[in-house]
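Numbering (my numbering), first residue to last: 33 to 290.
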Amino acid sequence: MMRPTAWWRLAIIGVVAGFFSGLFGVGGGVLIVPLLIMLAHFDQRRASGTSLTAILPTAIAGAAGYAVRGEIDLIAAICVAGGAVGGSFVGAWLLHRIPQRVLRWIFVAFLVLMAARMALSVPDRGAEIELGIASVLALAGLGLLTGVLSGLLGVGGGVIVVPVLIVLFGMGDLVAKGTSLLMMIPISVTGTVANVRRGNSDVRAAVILGLLAVPASLAGVAVATTVPPQLGAILFAVLLLFTAVQLGARALRTRGCL
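#1: What does the Cβ neighbour count give for residue 160, buried or exposed, with the cut at 16 atoms within 10 Å?
#2: So, helix, strand or coil for residue 195, using DSSP?
#3: Return the residue from the list 74, 55 and 63 that minimises the CA-CA distance to residue 365.
#4: Between residue 217 and residue 95, how many whole angstroms is the CB-CB distance? I'm expecting something under 8 Å.
#5: Using the Cβ count rule (16 or more neighbours within 10 Å means buried), how would you classify residue 70?
#6: Anyone know if the C-beta pair for residue 271 and residue 56 falls short of 8 Å?
#7: Report yes or no: is there a C-beta of chain D within less than 8 Å of the C-beta of residue 189?
#8: Tell me whether residue 175 is buried or exposed, calling it buried when 16 or more other Cβ atoms sit within 10 Å of its Cβ.
#9: Measuring straight from C-alpha to C-alpha, what distance separates residue 109 and residue 68?
#10: So does the region 201-217 actually touch the region 42-59, counting three or more Cβ pairs closer than 8 Å?
#11: In whole angstroms, what separates the C-alpha of residue 158 from that of residue 204?
#12: In angstroms with no decimal places, state the Cα-to-Cα distance between residue 33 and residue 237.
#13: Under a Cβ-count criterion, where at least 16 other Cβ atoms within 10 Å of its own Cβ denotes burial, should residue 130 be classed as buried or exposed?
#14: With a cut-off of 8 Å on the beta carbons, I'd call residue 140 and residue 276 a contact; round off their distance for me.
#15: Short of 8 Å in beta carbon distance, which residues of its chain neighbour residue 77, apart from the five on each side in sequence? Order them along the chain.
#16: Is DSSP giving residue 230 helix, strand or coil here?
#17: I'd like the span of the alpha helix (DSSP H) that includes residue 161, first residue to last.
#18: For the alpha helix (DSSP H) containing residue 59, list its first residue and its last residue.
#19: Just to confirm my understanding: we take residue 11, look at its own chain, exclude 5 residues before and 5 after, and list those with CB closer than 6 Å. What are they?
#20: Quick check on the DSSP output: the alpha helix (DSSP H) that includes residue 274 runs from which residue to which?
#21: Does residue 200 come out as helix, strand or coil in the three-state DSSP assignment?
#22: Please tell me whether residue 103 and residue 250 are closer than 8 Å, where the distance is taken between their beta carbons.
Right, dumping it as structure tokens:
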């Protein structure tokens, strides 16, 4: 049984992660995992599994918040989600078969590059993707890559999908965030089932995180719609750099492992 103070820590983590999930269109795992480790003393595996379970209600609430404002591309979300679900299984299969050290540093470089590109760009809030065979295949490929990297490195899909949709596909920032949250729902479901079966998720902790994260996520969505596109891009760039620092620190701690 957790001490009462631990429940307060989980509540704080849920509110913080939920708000930034809605604000940036990410699942919140990039914040939940390190905060669970630092504040609630979870180990890395249990923190990752619990985070993925808690992300499900957060993603649903955030996606609903963007949907009521018409800020979701349903077809794009389906394409990315389809690729990501398949990619997550590939990533899990490759987890113990390929060296992760080099891959992790390559991904850190990618995040820094995307952060620089986001900070220097002004997203067109009304831009949309023209869907055709080529774009549908490209979106599915983005999802596949996202799923593989999520399975291999334990990163959330939002930190990949949102900047790529904005920078490479030219999607508006709010639509990219709403689309990202929607595509996370099926990934969270499949990942949660797998983690619960393996005993890698603290369901009670995830319920507390999720319940507190839902209203905070809706508040984050409301704030996101009032933030100017350029400022939103800069703030997202800061999130990408924060993620890169996390991954870089993890790579340094495990530099002796392949």
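A virtual CB, placed ideally from N, CA and C, is assigned to each residue, including glycine.
Computed from a predicted model, the values in this text were never measured in an experiment.
Concretely, from the data shown:
#1: The residue given as residue 160 occupies position 128 in the sequence shown. Sixteen is the threshold: since fewer than 16 other Cβ atoms of the shown chains lie within 10 Å of the Cβ of residue 160, the residue is exposed.
#2: Within the sequence shown, the letter at position 163 stands for residue 195. The three-state reading of DSSP puts residue 195 in helix, counting H, G and I together.
#3: Given a span of 33 to 290 for the chain in the structure shown, any question on residue 365 remains unanswerable.
#4: Here residue 217 refers to the residue found at position 185 when the sequence shown is read from its first residue. Here residue 95 refers to the residue found at position 63 when the sequence shown is read from its first residue. Sure, about 7 Å apart at Cβ, within 8 Å.
#5: Locating residue 70 in the sequence shown gives position 38, counting from the first residue. So residue 70 ends up on the exposed side.
#6: Residue mapping note: residue 271 aligns to position 239 of the sequence shown, counting from 1. Residue mapping note: residue 56 aligns to position 24 of the sequence shown, counting from 1. Their beta carbons are under 8 Å apart, which means residue 271 touches residue 56 by this criterion.
#7: Absent from the structure is chain D; it holds one protein chain and no more.
#8: Working through the sequence shown from its first residue, we reach residue 175 at position 143. Answer is buried; the Cβ neighbour count reaches 16.
#9: In the sequence shown, residue 109 corresponds to position 77, counting from 1. In the sequence shown, residue 68 corresponds to position 36, counting from 1. Distance between the alpha carbons of residue 109 and residue 68: 29 Å.
#10: Enough Cβ pairs lie closer than 8 Å, so yes.
#11: Walking along the sequence shown from the start, residue 158 turns up at place 126. Walking along the sequence shown from the start, residue 204 turns up at place 172. Roughly 6 Å between the two C-alpha positions.
#12: Residue mapping note: residue 33 aligns to position 1 of the sequence shown, counting from 1. Residue mapping note: residue 237 aligns to position 205 of the sequence shown, counting from 1. Confidence in residue 33 is poor, its pLDDT being 48 and thus under 50, which makes the residue's placement too unreliable to answer from.
#13: If you number the sequence shown from 1, residue 130 lands on position 98. Looking at its Cβ environment, which holds fewer than 16 other Cβ atoms inside 10 Å, residue 130 is exposed.
#14: Looking up residue 140 in the sequence shown gives position 108. Looking up residue 276 in the sequence shown gives position 244. Rounded, the Cβ-Cβ distance is 5 Å, consistent with contact.
#15: Translated into the one-based positions of the sequence shown, residue 77 becomes position 45. Once the five neighbours on either side are set aside, the close Cβ partners of residue 77 are 232.
#16: Against the sequence shown, residue 230 aligns to sequence position 198. If DSSP states are grouped into helix, strand and coil, residue 230 belongs with the helices.
#17: What you label residue 161 is simply residue 129 of the sequence shown in a count that begins at 1. Premise fails: residue 161 is in no alpha helix (DSSP H) and is neither H nor E.
#18: On the sequence shown, position 27 is the one that residue 59 refers to. Here residue 59 belongs to no alpha helix (DSSP H), and DSSP marks it neither H nor E.
#19: The structure shown does not extend to residue 11, since the chain is modelled only from 33 to 290, so the question has no answer here.
#20: As a working mapping, residue 274 is identified with position 242 in the sequence shown. 261-285 is the extent of the alpha helix (DSSP H) around residue 274.
#21: Counting from 1 along the sequence shown, the entry for residue 200 is found at position 168. Coil at residue 200, not helix or strand.
#22: Counting from one through the sequence shown, the residue named residue 103 turns up at place 71. Counting from one through the sequence shown, the residue named residue 250 turns up at place 218. No.
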